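If you use mature numbering (1 follows the signal peptide of the UniProt record, and there is no 0), the sequence shown corresponds to residues -21 to -1, 1 to 313, in order. Quick reminder that beta carbons are idealized off the backbone N, C-alpha and C, glycines included. If you're wondering where the values come from, they're calculated on a predicted model, not measured in any experiment. Structure first, commentary second.
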Amino acid sequence: MGKPSLSLGLTLLFSFSLTASYSFTPSSSFPTSLKQSSPSPKATPSDLLSLLGPKSQSSSIDPLLAQELTSCFKFLVPFRPNAKKLVPEKFSGRKFLRFEQKGQREEEEDVLVWWPPQPVLELARLAVDSGGDPAAIQRALDPTMITVPDVEGSEENRCQLTRTPYGRHFISEELNSYIGFLFELILARGPTVGLNVSLNRYDLFHGHLFLALDTGRLGILFHAKEYPAYDKELFPYNMGFCQRGSNVTYDDSMNLRNILWLAPLPSNSAKGWEAPGVLVVLDARPDGIIYRDLIPEYVNFARTIYEDDLGEVAVDVNYLAVGNPEPRFQLFIC
Ligand SMILES: *[C@@H]1O[C@H](CO)[C@@H](O)[C@H](O)[C@H]1NC(C)=O
Ligand SMILES: *[C@@H]1O[C@H](CO)[C@@H](O)[C@H](O)[C@H]1NC(C)=O
């Protein structure tokens, strides 16, 4: 069974080498000298994570590199790198003060990203305490296997969306709903940075939960626009069964398909926190540093940042519309 999460990259690599339709590669319109003469050193995934961390991590990044990376961050929730003194408790009680209904909800959502509920914090600490061991995360899962049902006609197309034909849930219900919350928040706030997504099986339905040991970060890399529609001119790539029927248009919003959530960073002391959580779209526009340094060349037209480059992947999270005819979303952790 293939690993569907890699399908975009691998299928493209495959079709690329088979059909050699080089004319499409967006990078071909950029002179190679642009890449060679670039003054900043090469950015690494670890630089990216450090920059989204506390001062103690971000200050070690080359300033030019930091500037270029920062220009590719499109925050869905305001970035508060200095909020480390704001312990989660400080927020409680604030929310009823004086916000309008809408503003109040937004504030609550921001807080849920900066300082998630306890089970999320515990998972973040577990990630560090276990020394970045994916098995520690997997042990937080309920062993019950849930078969992935037909999702929006996927069976008819012989499409298997998930890594395995069954998924699981976290034992903590609050953790499960938190992951659903993240999908919904990306849906709701994406348009503020130019990312319109749908929660469907061609677009946003999965993310990869990873542990980055060198920065101590637990995160999820979401991939939107997973199966763009085949189009002779715009996207001449056959990606197999799961692409059939896609209505995702290949356009500039592909640049925004990598969305990163980071859990708060635990400090070395038993209880403290070094940095709040983050939710950011990583802009992979072709003249930016993310495209240049963090997207493998053979998938540059797909703009895929690989989860394995960010850390050890523990599980995939899939948020699938299983209801019929009314959409009802269900989480499958594979
Ligand atoms: C996103 O959707 C909104 C509302 O449908 C639309 O006004 C806007 O132009 C769209 N933005 C992009 C970048 O497609
Ligand atoms: C694609 O289809 C889905 C499901 O029918 C719908 O929710 C979504 O808005 C459509 N997207 C576009 C870009 O038309």
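Note down, in chain order, each residue of its chain lying with its Cβ closer than 7 Å to the Cβ of residue i, except the 5 sequence neighbours on either side.
{"i": "PHE160", "result": "LEU91"}
{"i": "LEU(-12)", "result": "Below a pLDDT of 50, predicted positions are generally treated as unreliable, and LEU(-12), at 42, falls in that range; no measurement from the model is reported."}
{"i": "ILE165", "result": "LEU55, VAL176, LEU183, PHE201, ILE238"}
{"i": "PRO33", "result": "PRO60, LYS63, LEU244, GLU253, ALA254"}
{"i": "LEU44", "result": "SER19, PRO20, ALA22, ASP26"}
{"i": "ASP193", "result": "SER25"}
{"i": "ASN234", "result": "ASP262, ALA263, ARG264, ARG282"}
{"i": "ASP210", "result": "TYR229"}
{"i": "GLY173", "result": "SER232, LEU235"}
{"i": "ASN155", "result": "HIS148, PHE149, LEU310"}
Closest to residue i by CA distance: which of the options is it?
{"i": "VAL107", "options": "ALA167, SER177, ILE165, GLY195", "result": "GLY195"}
{"i": "PHE311", "options": "ASP288, VAL130, LYS250, ILE284", "result": "VAL130"}
{"i": "PHE201", "options": "VAL296, LYS53, ASN279, PRO33", "result": "VAL296"}
{"i": "ASN175", "options": "TYR157, SER232, GLY132", "result": "SER232"}
{"i": "GLU205", "options": "LEU197, ARG264, GLY256, GLY224", "result": "GLY224"}
{"i": "ASN179", "options": "LEU213, LEU43, CYS221", "result": "CYS221"}
{"i": "GLU153", "options": "GLU47, PHE214, ALA300, LEU102", "result": "LEU102"}
{"i": "LEU188", "options": "PRO275, SER50, CYS313", "result": "CYS313"}
{"i": "GLY186", "options": "SER156, TRP240, SER248, THR171", "result": "TRP240"}
{"i": "residue 325", "options": "ARG236, GLU212, LEU299, LYS81", "result": "Examination of residue 325 is not possible in this model, given that the chain is present from -21 through 313 alone."}
{"i": "PHE162", "options": "ALA203, SER109, PRO42, ARG84", "result": "ALA203"}
{"i": "LYS250", "options": "GLN97, PHE214, ARG271", "result": "GLN97"}
{"i": "GLN309", "options": "THR228, SER133, PRO128, ASN226", "result": "PRO128"}
{"i": "TYR270", "options": "SER35, GLN36, SER50", "result": "SER50"}
{"i": "TYR298", "options": "SER35, LYS81, TYR157", "result": "TYR157"}
{"i": "GLY169", "options": "ILE274, ASP262, ILE284, ALA300", "result": "ASP262"}
{"i": "VAL301", "options": "ALA167, SER35, GLU134", "result": "GLU134"}
{"i": "ALA191", "options": "GLY82, GLN83, SER109, ASP41", "result": "SER109"}
{"i": "ARG84", "options": "ASP41, ASN155, GLY173, ALA167", "result": "ALA167"}
Tell me whether residue i sits in a helix, a strand or coil according to DSSP, three-state version.
{"i": "GLU152", "result": "helix"}
{"i": "ASN179", "result": "coil"}
{"i": "THR11", "result": "Per-residue confidence for THR11 stands at a pLDDT of 43, beneath the threshold of 50, marking its modelled position as unreliable; the derived number appears in the next sentence. If DSSP states are grouped into helix, strand and coil, THR11 belongs with the helices."}
{"i": "ASN234", "result": "helix"}
{"i": "GLU131", "result": "coil"}
{"i": "ILE40", "result": "coil"}
{"i": "ILE125", "result": "strand"}
{"i": "ALA114", "result": "helix"}
{"i": "ASN303", "result": "coil"}
{"i": "ASP272", "result": "helix"}
{"i": "TRP252", "result": "strand"}
{"i": "VAL227", "result": "coil"}
{"i": "GLN159", "result": "This sequence places Gly at residue 159; Gln is not what is there. Helix at GLY159."}
{"i": "LEU28", "result": "helix"}
{"i": "ALA191", "result": "strand"}
{"i": "TRP93", "result": "helix"}
{"i": "ARG147", "result": "strand"}
{"i": "VAL309", "result": "Here the sequence assigns Gln to residue 309, which means Val is not the residue at that position. Strand."}
{"i": "LYS211", "result": "coil"}
{"i": "PRO170", "result": "helix"}
{"i": "VAL278", "result": "helix"}
{"i": "ALA293", "result": "strand"}
{"i": "PHE58", "result": "coil"}
{"i": "ARG137", "result": "coil"}
{"i": "LYS21", "result": "coil"}
{"i": "GLU196", "result": "The identity of residue 196 in the sequence shown is Arg, whereas the question assumes Glu. Note: ARG196 maps to strand in three-state DSSP."}
{"i": "GLY82", "result": "helix"}
{"i": "ASP201", "result": "Looking at the sequence itself, residue 201 is Phe, so the reference to Asp does not match. PHE201: strand per DSSP, three-state reduction."}
Kindly list the residues whose CB is nearer than 8 Å to the CB of residue i, restricted to its own chain and excluding five residues on each side of it in sequence; keep chain order.
{"i": "LEU(-10)", "result": "Bear in mind that a pLDDT of 43 at LEU(-10), under 50, signals an unreliable position, so the number given afterwards is only what the model happens to contain. Closer than 8 Å at Cβ, skipping near neighbours: TYR216, MET218, TYR277, VAL278, PHE280, ALA281."}
{"i": "residue 317", "result": "Outside the shown range of the chain (-21 to 313) lies residue 317, about which nothing can therefore be said."}
{"i": "PHE58", "result": "LEU31, PHE52, VAL257, VAL259"}
{"i": "ALA242", "result": "PRO95, VAL99, LEU100, LEU102, ALA103, ALA106, ARG196, LEU197, GLY198, GLY256"}
{"i": "GLU47", "result": "SER19, ALA22, GLY267, ILE268"}
{"i": "LEU120", "result": "ARG147, HIS148, PHE149, ILE150, VAL294, ILE312"}
{"i": "THR171", "result": "LEU55"}
{"i": "GLN37", "result": "It is Ser, not Gln, that sits at residue 37 in the sequence shown. Closer than 8 Å at Cβ, skipping near neighbours: SER29, LEU30, LEU31, ALA45, PRO60."}
{"i": "ASN226", "result": "TYR181, ALA208"}
{"i": "ASP272", "result": "LYS21, ALA22, THR23"}
Taking only beta-carbon positions, decide if residue i is within less than 8 Å of chain D.
{"i": "ARG271", "result": "Absent from the structure is chain D; it holds one protein chain and no more."}
Within the present structure, is the beta-carbon of residue i separated from the nearest heavy atom of ligand 4 by less than 7 Å?
{"i": "GLY146", "result": "Looking at this structure, you won't find ligand 4 anywhere; what it does contain is ligand 1 and ligand 2."}
Report all residues from its chain with a CB closer than 6 Å to the CB of residue i; omit the five preceding and five following residues, and keep chain order.
{"i": "PHE214", "result": "PRO207, TYR229"}
{"i": "THR143", "result": "CYS313"}
{"i": "ASN247", "result": "none"}
Original post:
How about the stretch 114 to 125 and the stretch 134 to 149: do they share at least three Cβ pairs that are nearer than 8 Å?
Top reply: yes
**OP:** Using the beta-carbon of each residue, find all residues closer than 7 Å to any heavy atom of ligand 1 and list them in chain order.
**Re:** PRO170, GLY173, ASN175, SER232
Original post:
How do the stretch 101 to 114 and the stretch 128 to 144 stand: do at least 3 beta-carbon pairs fall below 8 Å, yes or no?
Top reply: no
Original post:
Does the stretch 298 to 313 come within contact of the stretch 275 to 290, defined as at least 3 CB pairs closer than 8 Å?
Top reply: no
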